[in-house]
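Chemist: Below: one structure in structure tokens.
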Amino acid sequence: MSVEVISIGNELKDGYKPTNQWVKNGINWLSDIEAFYRARASIEKEYSSKLQSLCGEYFKKKAKSSINLSVGDEPVITPGSLECASLVAWTEILSQTETISKAHGKLSADFEKNVAGELLNLQQKYEGIRTKFEGFNNDLIKKRDGYYNELSKAKKEYDSLCQSVENQRVKLEKSSNTEKTQKKLKDKEIDMNIGKNNYLIKINIGNRLKDKYYYQDLPEVLDGLQDLNESRVTRLNQIWLAASSLEKKTLENCISYLNSADNVVNKNECTLDTNMFIKHNLNSQWNEPQDFYYIPSSIWHDDDKMITDTNELIDLKKQLNNSISLYENLKTKCEEEKNTLGEISINKKNIKSSKKMLSKEEIFNYDDLLLKYLYQLGIFTNDDTRKVIAEVEIETIQNAAGDKVMNLDIPVETKKKSRLGFLKIGGSSHHHHHHNYTTESTNNGGGGEGGDSVGSLTRSSTISNHTTSTKHTAGTSSRIFGAFRNRAQSVSSTVTNNSLSARPQGKALYAYDAQGNDEVSVQLGETVTILESDDGSGWTMVQTPSNEQGLVPTSYLEIQSQNTKKVGPKVAPKKGAKKIKYCEALYDYQAQGNDELTLSVGDKISIITEDDGSGWTEGEIDGDTGLFPTGYVKFL
Numbered sequence: 001m002s003v004e005v006i007s008i009g010n011e012l013k014d015g016y017k018p019t020n021q022w023v024k025n026g027i028n029w030l031s032d033i034e035a036f037y038r039a040r041a042s043i044e045k046e047y048s049s050k051l052q053s054l055c056g057e058y059f060k061k062k063a064k065s066s067i068n069l070s071v072g073d074e075p076v077i078t079p080g081s082l083e084c085a086s087l088v089a090w091t092e093i094l095s096q097t098e099t100i101s102k103a104h105g106k107l108s109a110d111f112e113k114n115v116a117g118e119l120l121n122l123q124q125k126y127e128g129i130r131t132k133f134e135g136f137n138n139d140l141i142k143k144r145d146g147y148y149n150e151l152s153k154a155k156k157e158y159d160s161l162c163q164s165v166e167n168q169r170v171k172l173e174k175s176s177n178t179e180k181t182q183k184k185l186k187d188k189e190i191d192m193n194i195g196k197n198n199y200l201i202k203i204n205i206g207n208r209l210k211d212k213y214y215y216q217d218l219p220e221v222l223d224g225l226q227d228l229n230e231s232r233v234t235r236l237n238q239i240w241l242a243a244s245s246l247e248k249k250t251l252e253n254c255i256s257y258l259n260s261a262d263n264v265v266n267k268n269e270c271t272l273d274t275n276m277f278i279k280h281n282l283n284s285q286w287n288e289p290q291d292f293y294y295i296p297s298s299i300w301h302d303d304d305k306m307i308t309d310t311n312e313l314i315d316l317k318k319q320l321n322n323s324i325s326l327y328e329n330l331k332t333k334c335e336e337e338k339n340t341l342g343e344i345s346i347n348k349k350n351i352k353s354s355k356k357m358l359s360k361e362e363i364f365n366y367d368d369l370l371l372k373y374l375y376q377l378g379i380f381t382n383d384d385t386r387k388v389i390a391e392v393e394i395e396t397i398q399n400a401a402g403d404k405v406m407n408l409d410i411p412v413e414t415k416k417k418s419r420l421g422f423l424k425i426g427g428s429s430h431h432h433h434h435h436n437y438t439t440e441s442t443n444n445g446g447g448g449e450g451g452d453s454v455g456s457l458t459r460s461s462t463i464s465n466h467t468t469s470t471k472h473t474a475g476t477s478s479r480i481f482g483a484f485r486n487r488a489q490s491v492s493s494t495v496t497n498n499s500l501s502a503r504p505q506g507k508a509l510y511a512y513d514a515q516g517n518d519e520v521s522v523q524l525g526e527t528v529t530i531l532e533s534d535d536g537s538g539w540t541m542v543q544t545p546s547n548e549q550g551l552v553p554t555s556y557l558e559i560q561s562q563n564t565k566k567v568g569p570k571v572a573p574k575k576g577a578k579k580i581k582y583c584e585a586l587y588d589y590q591a592q593g594n595d596e597l598t599l600s601v602g603d604k605i606s607i608i609t610e611d612d613g614s615g616w617t618e619g620e621i622d623g624d625t626g627l628f629p630t631g632y633v634k635f636l
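Residues in the sequence shown are numbered from 1 upward in steps of one, following full-length UniProt numbering.
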């Protein structure tokens, strides 16, 4: 029987408390089953009468805990007479046990050692794993609340600075030394503005961490608890079957009854209990906690705009520089950690996807992988949180700075294309310059600093490309892998046609002066012929009306055969040999549109266009091209 595979983390919002209690109920339930088999071992000696009495007792126990085990302690929808698949299997076992009227000493000893002992070990093992998940969730909450406290402290600090400015203003009115007092007032206003900027940044961080907890971190914990519970169900099935096998050897005349119990247990797929639990606990009334917002001081009326005057801007520049450096380091680190998580997930999936009943060794391997995944997830979420903080700081400061040049006197070697993809590197790409980070221009072709023909890189897509979207729905694959399973809004619905015979036309959105022998100059509004489309390097081979051929930055062109959104010119990307890159599919992916590519685990894909930050990559498999989520693959 095929069962729909769904995820608690995706379906239940803020569902840690009921899920944790539900999993705990299942683990505690093992003690009931253990007690049953220990009692069964002694009752076997007294044959049918005592055995019948025991089964009646545990039918009552099952009836009392049926709702708790099937749908949790506080279900949204009561199940009525319905029971979870594990309880159905358990009911069948009890029913068949009532038909057994004879036993002997060996069977009693086998029950005591091989069934009850295993159940005790299983309960202790899974309770230990559940406790680790509980500690991990508490740690996430502690860190999240810690950032909330930082926000509160920033608010108090800002209020204090506002009060200080007001006090100084009063002194100015009463002071005879106006010039000195006026200077102090100006200094305190600067401190107040810096405090305000810090407060606004903390607000954005708090909102992002709040979203991260409810839409990324918490769902991972819930899916981990789901895996733990389903592992328990699978292992419990094995123990039940082992007990049944012992009876078959001793009670040949009861084999037909026990086979009937086996059939029910074999149908108890580990996801059946999960499906029923989710169905009866879906809470449509849950609302996401409100975002944090700027609260002005009661004594200093102000708006929610960051202060970017000369003195305040110095502090923002320093913070921006530090955030960019941290983001660059964490970006690579998080990718490596995510790949490690992906490899563990594949191993888990390979074990879990087996259609046959898993062996004891396979269950142990799966449990070990679950612990490894939890450990690696803790490392990743911590680094990912730090990366998100740095990312929000960059976005917040850049949005506030507008078209102001964020120079720092730190010489660095610039490249044609920034790693972040939304930062402008000022000056020529062939020399050393200072950092010159600029934010979004209000038009698509505005000039840059000093009349640079390249202009400033717009931020029209910065937020969509670099803000992690965590509000989503999907299958059971981890939301960490797959750009959170929903296509970003910035992904174009048209796949680039690379055929040379089509000879598509393009229009120059901006003037470009060639900076190398392999480049060609174009004028604003000039129509060019596309000889070779962008292969992911950021450059397109064109032919001008004067029959000159060469490379032009793709972002300077509007390809008429594509329905692309007009954006401002980006810094010219680095040119290099066109080397085909490949990646390997970590998960199955079914195309959702004509422009997407269906993946199967293990597929080797040649990359046509790399991820531009939207979470999607264009590739080719056996002549079929299309888009697929970047997180579903591992780059080779």
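The beta-carbon is built from N, C-alpha and C at its ideal position, and this holds for glycine as well. Nothing here was measured: the structure is a model prediction, and the numbers come from that model.
For the alpha helix (DSSP H) that contains Ile-530, what are its first and last residues?
Modeler: Per DSSP, Ile-530 belongs to no alpha helix (DSSP H); it is in the beta strand (DSSP E), 527-532.
Chemist: I'd like the span of the beta strand (DSSP E) that includes Ala-508, first residue to last.
Modeler: Note, Ala-508: beta strand (DSSP E), 505-508.
Chemist: Around the Cβ of Tyr-293, are there at least 16 other Cβ atoms within 10 angstroms (buried) or fewer (exposed)?
Modeler: Tyr-293 should be labelled exposed.
Chemist: With DSSP as the reference, identify every bridge partner of Glu-150, one or two as the case may be.
Modeler: Answer is none; Glu-150 lacks a bridge partner.
Chemist: Whose C-beta lies closer than 6 angstroms to the C-beta of Asp-217 among residues of the same chain, with five residues either side of it excluded?
Modeler: Correct list, in chain order: Leu-140, Thr-381.
Chemist: Please report the Cβ distance between Asp-588 and Ser-606, rounded to the nearest whole angstrom; I am assuming they are in contact, meaning their Cβ atoms lie under 8 angstroms.
Modeler: Wrong, their Cβ atoms sit about 19 angstroms apart, outside the cutoff.
Chemist: Please tell me whether Tyr-327 and Lys-387 are closer than 8 angstroms, where the distance is taken between their beta carbons.
Modeler: Yes, they are a contact pair.
Chemist: Between the C-alpha atoms of Pro-219 and Arg-208, what's the straight-line distance to the nearest angstrom?
Modeler: The straight-line gap from Cα to Cα measures roughly 16 angstroms.
Chemist: Is there at least one Cβ from chain C nearer than 8 angstroms to Lys-202's Cβ?
Modeler: Structure shown: chain C not included; a single protein chain is present.
Chemist: Cβ atoms of Gln-376 and Leu-341: under 8 angstroms apart, would you say?
Modeler: Against a cut-off of 8 angstroms, the Cβ pair of Gln-376 and Leu-341 comes out as a contact.
Chemist: Among Thr-609, Glu-526, Tyr-632, Asn-177, which residue has its Cα nearest to the Cα of residue 676?
Modeler: With the chain represented from 1 up to 636, any question about residue 676 goes unanswered, as that position is not in the structure.
Chemist: Tell me whether the beta-carbon of Gln-168 lies closer than 8 angstroms to the beta-carbon of Lys-184.
Modeler: Closer than 8 angstroms, so yes.
Chemist: Note down, in chain order, each residue of its chain lying with its Cβ closer than 7 angstroms to the Cβ of Ser-284, except the 5 sequence neighbours on either side.
Modeler: The answer is none, since no qualifying residue turns up.
Chemist: Which residues in the same chain as Glu-83 place their Cβ atom closer than 6 angstroms to its Cβ, once the five residues preceding and following it in sequence are excluded?
Modeler: Excluding sequence neighbours, Glu-83 sits near Ser-66, Ser-70.
Chemist: By Cβ distance, which residues of its chain are closer than 7 angstroms to Ile-307, with the 5 residues on each side in sequence left out?
Modeler: For Ile-307, where only same-chain residues beyond five positions count, the Cβ hits under 7 angstroms are Asn-193, Lys-196, Asn-197.
Chemist: For Leu-222, which three-state DSSP category applies?
Modeler: If DSSP states are grouped into helix, strand and coil, Leu-222 belongs with the helices.
Chemist: Going straight from the alpha carbon of Asp-611 to that of Leu-330, what length do you get?
Modeler: In a straight line, the C-alpha of Asp-611 is about 18 angstroms away from that of Leu-330.
Chemist: So residue 638 is in the alpha helix (DSSP H); what residue range does that whole segment cover?
Modeler: There is no way to answer for residue 638, as the model of the chain reaches only from 1 to 636.
Chemist: Using 8 angstroms as the cut-off, can you tell me whether the stretch 31-42 makes contact with the stretch 112-124, which would need three or more C-beta pairs spanning the two stretches below that distance?
Modeler: Contact between the stretch 31-42 and the stretch 112-124 is present, because at least three Cβ pairs lie under 8 angstroms.
Chemist: Phe-380 by DSSP, collapsed to three states: which one?
Modeler: Of the three classes helix, strand and coil, the one that applies to Phe-380 here is helix, per DSSP.
Chemist: Is Ser-152 buried or exposed, if buried means 16 or more other CB atoms sit within 10 Å of its CB?
Modeler: Exposed, because fewer than 16 other Cβ atoms sit within 10 Å of the Cβ of Ser-152.
Chemist: Under 8 angstroms by Cβ, that's how I've got Thr-630 and Trp-616 pegged, so tell me the actual separation to the nearest angstrom.
Modeler: Yes, they are in contact, since the Cβ atoms of Thr-630 and Trp-616 sit about 6 angstroms apart, within 8 angstroms.
Chemist: According to DSSP, is Ala-400 helix, strand or coil?
Modeler: If DSSP states are grouped into helix, strand and coil, Ala-400 belongs with the helices.
Chemist: Does the Cβ of Lys-62 have 16 or more other Cβ atoms within 10 Å, making it buried, or fewer, making it exposed?
Modeler: It is buried - the Cβ of Lys-62 has at least 16 other Cβ atoms within 10 Å.
Chemist: Rank Gln-52, Asn-259, Met-541 by C-alpha distance to the C-alpha of Val-528 and give the top, closest one.
Modeler: The residue with the shortest Cα to Cα distance from Val-528 is Met-541.
Chemist: Whole angstroms are fine: how far does the CA of Asn-281 sit from the CA of Ser-244?
Modeler: So the two alpha carbons sit approximately 34 angstroms from each other.
Chemist: Could you check whether Ile-6 and Gly-15 sit closer than 8 angstroms to each other, using their CB atoms as the reference points?
Modeler: Going by C-beta atoms, Gly-15 is not nearer than 8 angstroms to Ile-6.
Chemist: Could you round the C-beta distance between Ala-511 and Gln-523 to whole angstroms and report it? I think they count as a contact, below 8 angstroms.
Modeler: Ala-511 to Gln-523, Cβ: 6 angstroms. Contact.
Chemist: Which term fits Asn-287, buried or exposed, when burial requires 16 or more other beta carbons within 10 angstroms of its beta carbon?
Modeler: The residue is exposed, with fewer than 16 neighbouring Cβ atoms inside 10 Å.
Chemist: According to DSSP, is Lys-13 helix, strand or coil?
Modeler: Three-state DSSP puts Lys-13 in coil, outside helix and strand.
Chemist: Using the three-state DSSP reduction, which class does Cys-84 fall into: helix, strand or coil?
Modeler: Coil.
Chemist: When the Cα atoms are used, what is the spatial distance from Lys-267 to Glu-337?
Modeler: One C-alpha to the other measures close to 37 angstroms.
Chemist: Quick check on the DSSP output: what are the complete alpha helix (DSSP H) runs of length 4 or more inside the stretch 240-281, in order along the chain?
Modeler: 255-266, 270-279, all fully within the stretch 240-281.
Chemist: Would you identify the three-state DSSP class for Trp-616, choosing helix, strand or coil?
Modeler: Residue state, collapsed to three classes: strand.
Chemist: Who pairs with Tyr-327 in a beta bridge, going by DSSP?
Modeler: Looking at the DSSP assignment, Tyr-327 forms no beta bridge with any residue, so it has no partner.
Chemist: Which one of Leu-551, Asn-204, Thr-271 has the shortest CA to CA distance from Ile-295?
Modeler: Of the candidates Leu-551, Asn-204, Thr-271, the one whose C-alpha sits nearest the C-alpha of Ile-295 is Asn-204.
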